[in-house]
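Residue numbers (the working numbering): -8 to 100.
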Amino acid sequence: MKHRVRAVAITDDGHLLAIKRIKPGRDPYRVLPDGGVESGDASLKDALLRGLHEELAATDADILALVQRIDEGPRRRVRLHHGRTRIRRVGQALGRPQALVRFRLRPGS
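The following block contains the structure:
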């Protein structure tokens, strides 16, 4: 079973962070920052922090909560761990054509 982590990343000023993926032959689309859990990750939180650094160049983040669910289909089974995070600093992520997208959250959300 594969393990993946995905962040619900919220900034201190109340924005939800997403990534706008740009791939040849497809319309751009938005995703939450995520990644696979690797053998060198000491914990799920470490995997999530590494993913936030890789995807958003986040250098100051806290994991506030982790939840999990299992996705099962005819060809795959994935244990997906969602983390609610608070991000204080992001930079320019390298490696893929993408853009950081900020969504303003309503008060109390």
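From the three backbone atoms N, C-alpha and C, an ideal C-beta is built for every residue, glycine too.
Model, not experiment: these values are computed from the prediction.
heavy atom of the ligand PLP below 6 Å from residue i C-beta
i: LEU35; result: The ligand PLP is not part of this structure, which contains no ligands at all.
Pairwise C-alpha distance: residue j and residue i
i: GLY31; j: HIS(-6); result: 13 Å
i: THR2; j: GLN59; result: 22 Å
i: ILE54; j: ARG17; result: 32 Å
i: LEU7; j: ARG93; result: 6 Å
i: THR50; j: GLY64; result: 35 Å
Where residue i falls: helix, strand or coil (DSSP)
i: LYS14; result: coil
i: LEU149; result: One cannot answer for residue 149 here, as it falls past the ends of the chain, which runs -8 to 100.
i: ASP4; result: coil
Beta-carbon spacing of residue i, residue j below 7 Å
i: ALA(-2); j: LEU57; result: no
i: THR76; j: ALA48; result: no
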